[in-house]
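Just below is one structure, and these are the notes that go with it.
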Amino acid sequence: MGLLAIALDSAVFHYLNVGADALATAQIAGFFAATAVGCLLFGLINKGVHMLRPARLLAIAVIALLALFLRGGLLAALVQTLAVPATIAHLVTAIFSLLALYGGYVWFVDPQRAHSGSAESRWDRFCLAVIIYAVLLRLVYLGVPELLFEEAYYWNYAKHLDIGYLDHPLMVAWIIRPFIALMGNIEFAVRAGAFLCWLVTAGFSYRLTRDILGQAAAYRALTMVAVLPVYFFFGLFMSPDAPLAACWSAAIYFTYRIVVREDPRAWLWLGVAIGLGMISKYTILLLGAAIVLFVLIDRPSRKWLVRPEPYIAVLIALVLFSPVIVWNWQQDWASFSFQSQDRLASKFSFSLPRFAGNVIGVLTPTGVLCVIALVVYRRQLTAGFPAPVASAGATLGRSHFLLTWLTLFPVAVFAAVSLFRVSKLNWTGPCWLGLVPFMALLVTPAPALESGVPRLLTWCRRAWPPTIVACLLLYGATLHWLGPGLPGVSYPQNMHLIGWRDFGRDFDAVMQQFTRETGQEILVVGMDRNRIASGLAFYRTQYIDAAAGQAGNDPAFQTASENLFGGVGLMYALWFPAGQQNGKTMLLVAKDVSSLSTEKVLSQVKTAGDIREIGVRKQGRPAGRYYYRLVTGYQAVPSALVLTGIPILAANHSQEARLF
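Per my numbering, the very first residue in the sequence shown carries number 1; after that it's consecutive.
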């Protein structure tokens with residue numbers, strides 16, 4: 001039956017895979033044809049009347065969809081990243097999906113096996129399957145979707161390697177750099193560091209939960225870190241939040257070792273975690289403040305104030321953070337100012353409802369209700385827990401208080417900021433790592449939760465399995481759509497860098513034509529803050545001759561931003577000071593025509609050519625359009641000719657540049 005299914009799968013795939021954009025349709029059609037026939041034959045041969053029951057049909061459908069999304073990513077990775085021929089790649093994925101379907105059936109559908117063993121063993125089986133699936137899903141899709149524009153911007157960080165940057169510290173660039181040096185300028189290399197950071201985050205969450213609640217709960221905590229939206233995407237897309245979450249989880253673990261286990265050596269590691277976190281993202285200072293306040297208000301912890309370990313930890317953190325201090329000193333404290341007074345002086349915006357929506361988005365509604373339950377019903381939750389936890393006695397309550405404080409203090413600060421400034425989706429992401437150990441209690445079978453406790457606790461425990469499955473289905477469908485595509489589902493226009501893998505090739509052909517016609521070196525200028533410039537720099541590198549990897553030929557050093565025309569370019573203002581571009585020929589690129597014909601643009605160039613259009617397509621479907629214009633004789637405005645040449649975002653976040 002397996003050989004027949006593979007043969008049918010392959011036949012349908014090869015029949016439909018007749019165009020460059022038919023890969024997704026062919027693999028989905030082949031999969032469903034083989035799955036339908038295989039299930040029918042399996043049911044007939046084994047007289048599987050039990051398979052017709054609605055609950056089991058639903059389980060089979062869910063397992064099939066999960067296998068389909070995972071196989072789609074594997075197929076795209078083999079064809080796209082590893083350049084495996086489609087025939088061989090599809091054969092590999094057909095065998096893989098067959099094994100995945102059979103394993104899922106045996107583990108979760110077959111009545112002789114799926115319901116065998118205790119409730120605890122069934123939970124273990126479910127959690128193990130979720131962890132394996134979530135890890136594999138991330139791995140196969142690491143190099144498949146195009147970069148987010150933020151990722152392309154941080155790739156430019158790595159190309160312009162430094163000890164500091166305007167809008168973030170240095171860690172994200174120094175993580176990306178060795179991977180692109182080893183593997184080249186590909187999406188997998190940019191994101192590999194995010195996956196490794198997730199492994200660190202998961203490792204410390206596991207250790208923290210094991211120390212507090214035991215081995216069984218630790219595996220449930222791994223499930224939480226694997227499947228909650230915020231941590232799933234922190235481990236997939238590269239941003240400063242990936243190393244921040246790793247350092248945050250380490251800092252929480254060592255703080256627990258200090259406060260509850262009274263381990264003096266943990267102070268040294270806490271200093272390392274906070275220091276590395278500070279060169280990842282400044283927001284870890286909120287966790288540092290929460291730790292300091294806890295030591296001050298907690299009477300048993302005040303003894304550390306007269307011991308040397310805390311002060312050595314502060315010294316270690318400052319030493320690790322010193323490169324960022326040096327860079328800011330050299331640049332008139334530009335980054336510190338940008339992240340503090342400039343942010344606070346920006347336009348007023350009441351975004352508390354948006355903040356609440358962001359929290360629901362990163363935790364899921366079930367996760368938010370679990371947080372509420374953990375805060376309100378702590379005693380009832382742990383009252384009947386198994387002996388290894390109950391024996392912890394007072395340390396369990398102390399651990400709960402500590403981790404709740406370390407979670408809610410930074411969350412409260414972010415909530416307060418949202419009263420007058422715009423709230424960002426990723427703000428509170430690392431904060432919830434403190435409550436992951438106790439959230440794990442609600443995916444652990446415990447008799448005490450079935451009776452005599454508030455309904456919210458029982459509801460949360462019962463809601464986690466469908467929530468987890470729904471999350472995995474949503475992740476798989478989204479990644480399949482961003483990667484090989486979903487038949488009949490269109491793409492939004494000009495969203496992030498969707499379709500830019502081919503767009504980079506098309507635009508580079510335009511560049512080469514203009515270079516031949518003019519006989520000059522042309523500077524590409526993306527006419528927005530950093531999105532167009534970052535995306536073009538990255539995706540043009542994939543079509544530049546490997547021998548032309550020198551700075552003079554690398555698109556990362558030939559692509560500037562709208563700071564040259566009075567806009568805000570963030571780090572592009574330092575990489576491409578306006579005063580140093582005088583007299584250059586430029587190819588301006590924008591997503592709307594008006595940006596190429598403003599008085600500001602025309603007053604700074606000698607000649608301006610015709611405005612032309614270039615389209616973006618993904619999987620044969622339109623994904624946007626951009627416009628470009630060749631200009632010559634660029635001349636910087638006199639106000640931009642300053643010593644440092646770093647225009648910084650103005651206090652009102654307008655398009656004016658404040659000069660240091």
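By construction, the Cβ of each residue, glycine as well, lies at the ideal position given by its N, Cα and C atoms.
Keep in mind that this is a model prediction, so the values were computed, not measured.
Residue i, buried or exposed, once every other Cβ within 10 Å from all chains shown has been counted against 16
i: residue 255; result: buried
i: residue 552; result: With a pLDDT of 49 at residue 552, under the threshold of 50, the predicted position of this residue should be treated as unreliable, and no value is reported.
i: residue 79; result: buried
i: residue 598; result: exposed
i: residue 145; result: buried
i: residue 88; result: exposed
i: residue 613; result: exposed
i: residue 529; result: buried
i: residue 549; result: In this prediction, residue 549 has a pLDDT of 43, which is less than 50 and means its spatial position is unreliable; nothing more can be read from the coordinates.
i: residue 151; result: buried
i: residue 573; result: buried
i: residue 184; result: exposed
i: residue 181; result: exposed
i: residue 120; result: exposed
i: residue 41; result: exposed
i: residue 592; result: exposed
i: residue 292; result: exposed
i: residue 141; result: buried
i: residue 512; result: exposed
i: residue 224; result: buried
i: residue 329; result: exposed
8 Å contact criterion, which residue i and residue j should meet: CB distance rounded
i: residue 212; j: residue 272; result: That belief does not hold up - the Cβ atoms of residue 212 and residue 272 are roughly 22 Å apart, past 8 Å.
i: residue 26; j: residue 16; result: 4 Å
i: residue 226; j: residue 130; result: 6 Å
i: residue 442; j: residue 471; result: Residue 442 to residue 471, Cβ: 15 Å. No contact.
i: residue 201; j: residue 245; result: 5 Å
i: residue 636; j: residue 579; result: 5 Å
i: residue 363; j: residue 371; result: 7 Å
i: residue 189; j: residue 204; result: About 25 Å; that fails the 8 Å criterion.
i: residue 367; j: residue 228; result: 6 Å
When the options are compared against residue i, the one with the closest alpha-carbon
i: residue 326; options: 543, 570, 113 and 162; result: 162
i: residue 436; options: 404, 467 and 264; result: 404
i: residue 358; options: 561, 249 and 230; result: 230
i: residue 137; options: 496, 473 and 104; result: 473
i: residue 608; options: 586, 623 and 622; result: 586
i: residue 29; options: 82, 94, 84 and 57; result: 94
i: residue 537; options: 488, 589, 494 and 581; result: 589
i: residue 611; options: 619, 602, 617 and 618; result: 602
i: residue 361; options: 623, 426, 77 and 248; result: 426
i: residue 489; options: 618, 73 and 504; result: 618
i: residue 132; options: 70, 539 and 185; result: 70
i: residue 487; options: 22, 14, 6 and 2; result: 22
i: residue 105; options: 120, 81, 119 and 56; result: 56
i: residue 508; options: 484, 481 and 543; result: 543
i: residue 103; options: 66, 86 and 73; result: 66
i: residue 258; options: 243, 295, 354 and 195; result: 295
i: residue 605; options: 168, 633 and 540; result: 633
i: residue 63; options: 81, 31 and 85; result: 31
i: residue 444; options: 122, 8, 4 and 9; result: 122
i: residue 356; options: 308, 406, 126 and 414; result: 414
i: residue 505; options: 411, 535, 118 and 479; result: 535
Separation of residue j from residue i, as counted between CA atoms
i: residue 221; j: residue 241; result: 20 Å
i: residue 500; j: residue 263; result: 51 Å
i: residue 569; j: residue 561; result: 6 Å
i: residue 90; j: residue 75; result: 6 Å
i: residue 170; j: residue 274; result: 14 Å
i: residue 266; j: residue 301; result: 14 Å
i: residue 522; j: residue 176; result: 27 Å
i: residue 11; j: residue 622; result: 29 Å
i: residue 288; j: residue 516; result: 56 Å
i: residue 463; j: residue 210; result: 23 Å
i: residue 584; j: residue 77; result: 40 Å
i: residue 270; j: residue 34; result: 53 Å
i: residue 13; j: residue 198; result: 35 Å
i: residue 234; j: residue 192; result: 12 Å
Proximity test, Cβ basis, 8 Å: residue i and chain C
i: residue 87; result: Absent from the structure: chain C. Only one protein chain is present.
Residue(s) in a DSSP beta bridge with residue i
i: residue 630; result: 587
i: residue 622; result: 617
i: residue 526; result: 561 and 589
i: residue 607; result: 632
i: residue 612; result: 628
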